[in-house]
Amino acid sequence: MTADPDETAAAETAPPAAAEPRRKRGGGRAGRIAEREAPLPVADRPIRPGMPAGRYRPLTDSDLQQTFDAALALLADIGMADPIPEFSEAVTTAGGSIDDDGRLRFPPDLIQRTIETAAKEWIWHGFDDDRSIEIGGDRVHFGTAGAAVLMYDHAGAGFRETTLSDVYDCARLVDTLDNIHCHIRTVVARDMVEARDLDVNTAYALTVATSKPVGSSWFEPEWVRESVELFDMALGGPGEFAKRPFMVANNTFVVPPLRFAYDSTRCLVEQLRAGMPVNVLSAGQAGATSPAALAGSLAQALAECLAGLTCVNLIKPGHPAMVGMWPFVSDLRTGAMSGGSGEEGVLNAAGAQVVRWLGLPVSVAAGMADSKIPDNQAGYEKGLNVALAGHAGANVVFESAGMLASLLACSMEALVIDNDMLGSINRTIRGIEVDADTLSTGLVAEVVHGAGHFLGAAQTLELMQREYVYPAIGNRDSPDDWADAGALSATEAAHKVVERTLAEHRPSHVDAETDARIRAAFPIKLPPL
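Taking the numbering used here, the leading residue of the sequence shown gets 24, the next gets one more, and so forth.
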């Protein structure tokens, strides 16, 4: 058992037995421990949302230019199929064209103008303003996402269909996990039979379950409008959501290769009208819906995303948007998606790098374990992929917690475990600050000629919370102490956290009176909170 640094220091300097007894410091050891364990102000913590990153660069400058040039060529020479009228009118008015094949083509100068016009930084609000995050620049955040249709049930040791209650429970669990900075819904409420009920109830569940920035997706424009009315009510009245948009639309506006998705693009137009920030994302799968060559998959994804971003900015210049570079990969032996592969890791990092090179906000999807349970395979798949994406400077790393089975499944225990992982990854992003004080040469000399160790040094005590990150459930005990405490696996320890959180944590940022008005106006299926 490691000695308390204060106790060790006292032993080294204890006075002779005959000396006058030392006066104890107020509070004693317990008081000092409590002081160290008290939450630090965010600015003083070793990690926080938006740590600067971007040192990992899988692409050379030449690679970046070639990839961008290839994307421009795809848009100019091949173009996008199936544009909705709003897109066709906006692009052709701005200099694009539609040829006999019906494909909408984007000249390179139009793309360049879009890059100049597009929002470079913007605020993704939390329902609680203190939890808002700033998107853009070199700031990195970690978030959830997904549309899992299965929930890994730790208690039953198997899978079951996801429900609206799972949407709510995952969100309120994430509400308590500090290293997850934003929450796009992780699962689909399969018990919602009608699409309207699915869209509106998902929006409601996210709104009331966490005060962090949240996100979802929609099937129809009218349900976007209904959801915004719900958000206005939750915030206090008409027009409030436009002032403080806490919900981002995760919009998969494209069907790769190079084809607009009809329903999603119609919803995208409505989201712009409502003032809802958007994540315009392409999720082609290398070897299936994009080239097996990773460079080709990257170029296609960039072309598709730039087409979407151009339409966004022609309709509403400078609208808050992220370029959602989500190129997936296939296991070419089977054609199945492989979210946890090394290829996925380097492709996501390259996607983040090329969009940041263009000066635009970027999101990627990393952490999509192929493993079916929260085991060693899930750990190495998630750790590798999320770390590369973070170090490449993705402004938001979505799918970074909770996801299993190549996005088919979600696990609440994995959300808790991955929160620890994200804390460690964020600490690696922070790096090492090197200056005269941190090099500590004077302290080394003092210790060499004095106590012989650093346990009681003032620097050690000062940096315990400001420099070091500690896991919430990750176990660092000796084998004997671990066994004496019950020999819990990480998943078992996480399950205890899940049970306690779901039993005790009931967010109340939407008060009961407001909740009643929302329930009177919309077909809310969740039981009263």
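Idealized CB from N, CA, C, for every residue including glycine.
- Between the region 308-327 and the region 117-125 there are fewer than three C-beta pairs closer than 8 Å, too few to call the two in contact.
- Per DSSP, G319 is one residue of the alpha helix (DSSP H) stretching across 317-338.
- Taking every protein chain shown into account, the CB of Y191 has 16 or more other CB atoms within 10 angstroms, so this residue is buried.
- Straight-line measurement puts the Cα of C205 at about 38 Å from the Cα of D503.
- Taking a C-beta distance under 9 Å as the contact criterion, A309 and P343 do not qualify as a contact pair.
- Measuring C-alpha to C-alpha distances from L95 to each of I207, M74, L355, T137 identifies T137 as the nearest.
- No Cβ-Cβ contact shorter than 9 Å links I156 with L445.
- DSSP, read as helix, strand or coil, puts H342 in coil.
- Out of V271, S120, S287, the CA that lies nearest to the CA of V278 is found in S287.
- For D460, the enclosing alpha helix (DSSP H) starts and ends at 459-462.
- V303 sits close to L332, with the two beta carbons spaced by under 9 Å.
- Listed as beta-bridge partners of F150 by DSSP are no residues whatsoever.
- Looking at the backbone, the Cα of A508 and that of E245 are separated by about 54 Å.
- Relative to P69, the option among P494, L229, G118, R356 whose CA is nearest is P494.
- Beta bridge pairing from DSSP links G238 with I207, V271.
- Counting C-beta pairs closer than 8 Å gives three or more between the region 144-164 and the region 266-284, which meets the contact rule.
- Among the bridge pairs identified by DSSP, P81 is matched with none.
- K143 counts as exposed, since fewer than 16 other beta carbons sit within 10 angstroms of its beta carbon.
- For R379, the CB contacts under 7 Å within the same chain, skipping 5 residues up- and downstream, are G77, V385, G416 in chain order.
- When secondary structure is reduced to three states using DSSP, R162 falls in the strand class.
- Check the Cα spacing between A218 and each of G368, G347, T209, F242: the tightest is with F242.
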